[in-house]
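>
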Amino acid sequence: MSELTQIRNFSIIAHIDHGKSTLADRLIQFCGGVSERELKEQMLDTMDLERERGITIKAQTVRLKYQAEDGNIYQLNLMDTPGHVDFTYEVSRSLAACEGSLLIVDTSQGVEAQTLANAYLAVDADHEIIPVLNKIDLPASEPDRVRKQIEDVIGVDASEAIAVSAKTGQGIKGVLEALVKKLPAPKGDLDAPLKALLVDSWYDPYLGVVVLIRVHDGVVKRGMKVRFMGADALRQIDSVGTFTPKQSEVDALYPGEIGYITASIKHVSETMVGDTITEDRRQTEAMLSGFQPSVPVVFCGLFPVDAADFEDLRESLGKLRLNDASFHFEAETSAALGFGFRCGFLGLLHLEIVQERLMREFDLELITTAPSVVYKVYGTDGEMREIHNPADWPETTRIQMVEEPWIRASILVPDEYLGQVLTLCQDRRGEQLELTYAGQRAMAVYRLPLNEVVFDFYDRLKSVTRGYASFDYQLDGYRESNLVKVSILVNAESVDALSMIVHKSQADHRGRAICARLKDLVPRQLFKIPLQAAIGAKIIARETISALRKDVTAKCYGGDVSRKRKLLEKQKEGKKRMRQFGAVEIPQTAFIEALRISND
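The opening residue of the sequence shown carries number 121 in our numbering; numbering runs sequentially from there.
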């Protein structure tokens, strides 16, 4: 057992790609967490997707031992966190288990939007923040400029910021000494009843659910009967351990320590993140404050290309849910696409990651419908419904008003691209809140409707700024808005999978775009096919696919013209009848392409 005064719990926070995982590798290497033979790049990024994309998706923890210059041996509990805006909930959970943070800033890039967002999360969690200036080995590195930027933009004293190169290992000892000297030791009472915070949980095929905990008071031992207070569940602990970064069992976890427990739990849903764990015989009086549960903000439908894969998809989603508590799904049916699932995500990257994991880990071919957000629809009957599927949208006459979610977005961009960024935000119904400068870079803060952001805002932002802009957002409540449902009709039949909810000012443009696209995608028939976009009963756009025409007069050579006319009239009657009863089959490929355009 380590003395409380010799424990330091800290997380590593930064913007995406500023070197968090690489710095974690160097700290593990310096403290001898793994042998040189076992050391590899991004030790804590365990998923293939994390390694390929070079991003952290799941927060990871590791316990290290470090002998400081004062001769004491310290226990360091490190948490490496994701940097992308979609995984902010992972960051806030990790911060709640720690007393301090290393704030890493790339000295060639400077302060970015997510640097700012994560620094504010750390301030809210009442953390001691140690600024670390990374990548000082690069020719474009400007540590003095970035030091001033940290003070101006974030408001954190950076006079003693540590300059390091996580790649070469330069300055790592300085980071470890700062952790030991500047960060506060955790508080806790060994003799008090057990009080531990449930930080994270994931599914292991051999052990069942593994629960990551931070002990505040008391002690956790093997064989102990514990109660999960929020879920009101009683469990007996099978094993207790820590990550070094390998999983290693220990006898007990004491106050201030971070580790894991297993207790033959079958489903992750039984372990609520933020719950308080206490001993059943001697329970603690007050629960810990915990976290806000993660709320999905983007929804879309996932359908198997082959209807026979539906059960496989259900099973695969269930398995993914075991390791990702923020992912939600429920079954839904579509006349066009058959049986599938309506899924909820924390953002577009989260959606992309889940989709890629389903294709890769479970070998499924999927169709994804256009992403939508949660709208609050107030009916004339005074009832409020939350709607995220256009198919559930009520008739216009039954709607009193509609509210949509808005976000507060921070965009950091070099001065020369500011004009394009402001134009893009205005086009997306944005409201400018503030515009400030930090050296050569402008920081624009806008309020934007989330509906406009989930389509392609991020891609457009990157293209107009040549990749130099950084973007971060948080939800900022609901506001009343003039939204309508645009239905797409093929041969007067509504196709629910293509309908979408848009602002009235953009309905005509979007309707025309999808009709024009469908005209190229739907195969021609022997009769004319009208393609229409409609709001309620009002048609706002139309395209017509011309009929394939059989030459019925081919066998007429010479003779009376009335004979030809008779054959053409007969063909016309037949086409009319076909159009009334003919069903237009839209091929699967046309759906995929049309849904792609509705995202473009």
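C-beta: ideal position from N, C-alpha, C; glycine also. Only a predicted model underlies this, so the values are computations on that prediction, with no experimental measurement involved.
Quick test of your reading: residue 378 and residue 197, contact by CB under 8 Å. State the CB separation rounded to the nearest angstrom.
The residue you call residue 378 lines up with position 258 of the sequence shown. The residue you call residue 197 lines up with position 77 of the sequence shown. At roughly 4 Å, the Cβ-Cβ gap stays under 8 Å, so residue 378 and residue 197 are in contact.
> Taking the beta carbon of residue 527 as the centre, do at least 16 other beta carbons fall within 10 Å, making it buried, or is it exposed?
Within the sequence shown, residue 527 is the residue found at index 407, counting from 1. Label assigned to residue 527: buried.
> Jot down the residue ranges of each uninterrupted beta strand (DSSP E) in the stretch 425 to 488, minimum 3 residues, whole runs only, in chain order.
Those beta strand (DSSP E) runs which fall completely within the stretch 425 to 488 and span 3+ residues are 448 to 454, 458 to 465, 486 to 488.
> Per the contact definition of three or more C-beta pairs closer than 8 Å, is the stretch 280 to 291 in contact with the stretch 312 to 323?
In short, these stretches do not touch, since the Cβ pair count stays below three.
> With a cut-off of 8 Å, do at least 3 Cβ pairs link the stretch 238 to 253 to the stretch 295 to 313?
Yes: the two stretches touch, three or more of their Cβ pairs being nearer than 8 Å.
> What does DSSP give as the partner residues of residue 622 in its beta bridges?
The residue labelled residue 622 in the question sits at position 502 within the sequence shown. In the DSSP output, where bridge partners are listed per residue, residue 622 has 604.
> Residue 125 by DSSP, collapsed to three states: which one?
If you number the sequence shown from 1, residue 125 lands on position 5. If DSSP states are grouped into helix, strand and coil, residue 125 belongs with the helices.
> Which word fits residue 666, buried or exposed, when buried means at least 16 other C-beta atoms lie within 10 angstroms of its C-beta?
Counting from one through the sequence shown, the residue named residue 666 turns up at place 546. Residue 666 is exposed by the Cβ-count criterion.
> Specify, as a first and last residue, the run of the beta strand (DSSP E) that residue 238 falls within.
Taking the sequence shown and counting its residues from 1, one reaches residue 238 at position 118. Note, residue 238: premise wrong, no beta strand (DSSP E); alpha helix (DSSP H) at 233 to 244.
> Quick check on DSSP: helix, strand or coil for residue 266?
As a first step, residue 266 is located in the sequence shown; it is residue number 146 there, counting from the start. Reduced to three states, the DSSP call for residue 266 is helix.
> For the stretch 137 to 156 against the stretch 318 to 332, do three or more pairs of beta-carbon atoms, one drawn from each stretch, fall closer than 8 Å, so that the two count as touching?
Not touching, per the Cβ criterion.
> Closest to residue 357 by CA distance: which of 393, 398, 453 is it?
Against the sequence shown, residue 357 aligns to sequence position 237. Among 393, 398, 453, the Cα nearest to that of residue 357 is on 398.
> Less than 6 Å between C-beta atoms, sequence neighbours within five positions excluded: which residues of the same chain meet that for residue 423?
The sequence position of residue 423 within the sequence shown is 303, counting from 1. Excluding positions up to five away in sequence, the list reads 457, 460, 487.
> Which of the three DSSP states is assigned to residue 420 in this structure?
Against the sequence shown, residue 420 aligns to sequence position 300. Three-state result, residue 420: strand.
> For residue 535, count neighbouring Cβ atoms within 10 angstroms of its own Cβ and tell me buried if that reaches 16, exposed if not.
Against the sequence shown, residue 535 aligns to sequence position 415. When all chains shown are included, residue 535 counts as exposed.
> Given a cut-off of 8 Å, decide if residue 308 and residue 416 are closer than it, judged by their beta-carbon atoms.
Taking the sequence shown and counting its residues from 1, one reaches residue 416 at position 296. Taking the sequence shown and counting its residues from 1, one reaches residue 308 at position 188. Against a cut-off of 8 Å, the Cβ pair of residue 308 and residue 416 comes out as no contact.
> Here's the rule I'm using: 16 or more other beta-carbon atoms within 10 Å means buried, otherwise exposed. How should residue 718 be labelled?
Position 598 of the sequence shown holds residue 718. Low confidence applies here, because residue 718 scores a pLDDT of 46, under 50, leaving its location unreliable and the question unanswered by this model.
> Ordered along the chain, which non-local residues of its own chain (more than five positions away) have a Cβ less than 6 Å from that of residue 233?
Numbered from 1 along the sequence shown, position 113 holds the residue referred to as residue 233. Excluding residues within five positions, the ones whose Cβ falls inside 6 Å are 530, 532, 590, 591, 592.
> By DSSP's criteria, residue 148 is part of a beta bridge. Which residues make up the other side?
Your numbering for residue 148 matches position 28 in the sequence shown. Its beta-bridge partners do not exist; DSSP assigns none.
> Quick check on residue 254: does DSSP put it in helix, strand or coil?
Start at 1 with the first residue of the sequence shown, and residue 254 comes out as number 134. Residue 254: strand per DSSP, three-state reduction.
> Would you decide whether residue 497 is buried or exposed? Buried here means 16 or more other CB atoms lie within 10 Å of its CB.
Within the sequence shown, residue 497 is the residue found at index 377, counting from 1. Buried is the call here.
> For residue 544, name the three-state secondary structure that DSSP assigns.
For the purposes of this step, residue 544 is identified with residue 424 of the sequence shown, where counting begins at 1. Correct three-state label for residue 544: helix.
> Where does residue 143 sit, in a helix, a strand or coil, going by DSSP?
The count along the sequence shown starts at 1 and reaches residue 143 at position 23. In this structure, residue 143 counts as helix in the three-state DSSP scheme.
> Which whole-angstrom value describes the C-beta separation of residue 131 and residue 199, a residue pair presumed to lie in contact below a C-beta threshold of 8 Å?
Taking the sequence shown and counting its residues from 1, one reaches residue 131 at position 11. Taking the sequence shown and counting its residues from 1, one reaches residue 199 at position 79. At roughly 4 Å, the Cβ-Cβ gap stays under 8 Å, so residue 131 and residue 199 are in contact.
> Can you tell me whether residue 387 is buried or exposed, with buried defined as 16 or more other CB within 10 angstroms of its CB?
Position 267 of the sequence shown holds residue 387. When all chains shown are included, residue 387 counts as exposed.
> Are the beta-carbon atoms belonging to residue 260 and residue 267 less than 8 Å from one another?
Your numbering for residue 260 matches position 140 in the sequence shown. Your numbering for residue 267 matches position 147 in the sequence shown. Taking 8 Å as the Cβ cut-off, residue 260 and residue 267 do not qualify as a contacting pair.
> Where do the ends of the beta strand (DSSP E) carrying residue 293 lie?
Counting from 1 along the sequence shown, the entry for residue 293 is found at position 173. Careful: residue 293 lies outside any beta strand (DSSP E), inside the alpha helix (DSSP H) at 292 to 302.
> Tell me, to the nearest whole angstrom, how far the beta carbon of residue 404 is from that of residue 350; I am working on the premise that it is less than 8 Å.
Looking up residue 404 in the sequence shown gives position 284. Looking up residue 350 in the sequence shown gives position 230. Contact flag wrong, Cβ pair sits at about 13 Å.
> Could you spell out where the beta strand (DSSP E) holding residue 653 opens and where it closes?
Translated into the one-based positions of the sequence shown, residue 653 becomes position 533. Here the beta strand (DSSP E) through residue 653 covers 649 to 655.
> Please determine, among 215, 185, 133, 229, the residue with the shortest C-alpha to C-alpha distance to residue 587.
Reading the sequence shown from its first residue, position 467 is the one you call residue 587. Of the listed residues, the one whose Cα sits closest to residue 587 is 229.
> Which stretch, first to last residue, makes up the beta strand (DSSP E) that contains residue 324?
As a working mapping, residue 324 is identified with position 204 in the sequence shown. Taken as a continuous stretch (DSSP letters only), the beta strand (DSSP E) holding residue 324 covers 315 to 324.
> Quick check: the stretch 505 to 525 against the stretch 599 to 618, are there 3 or more CB pairs under 8 Å?
As far as the Cβ criterion goes, the stretch 505 to 525 touches the stretch 599 to 618, which means the pair count is three or higher.
> For residue 485, which residues in the same chain have their Cβ closer than 6 Å to its Cβ, ignoring the five residues on either side in sequence?
Numbered from 1 along the sequence shown, position 365 holds the residue referred to as residue 485. 425.
> Based on DSSP bridge pairs, tell me the residues matched to residue 130.
Here residue 130 is taken as the residue at index 10 of the sequence shown, counted from 1. 198, 220.
> Verify whether the separation of the beta carbon atoms of residue 621 and residue 510 is less than 8 Å.
Taking the first residue of the sequence shown as position 1, residue 621 is located at position 501. Taking the first residue of the sequence shown as position 1, residue 510 is located at position 390. Cβ distance < 8 Å, so residue 621 and residue 510 count as in contact.
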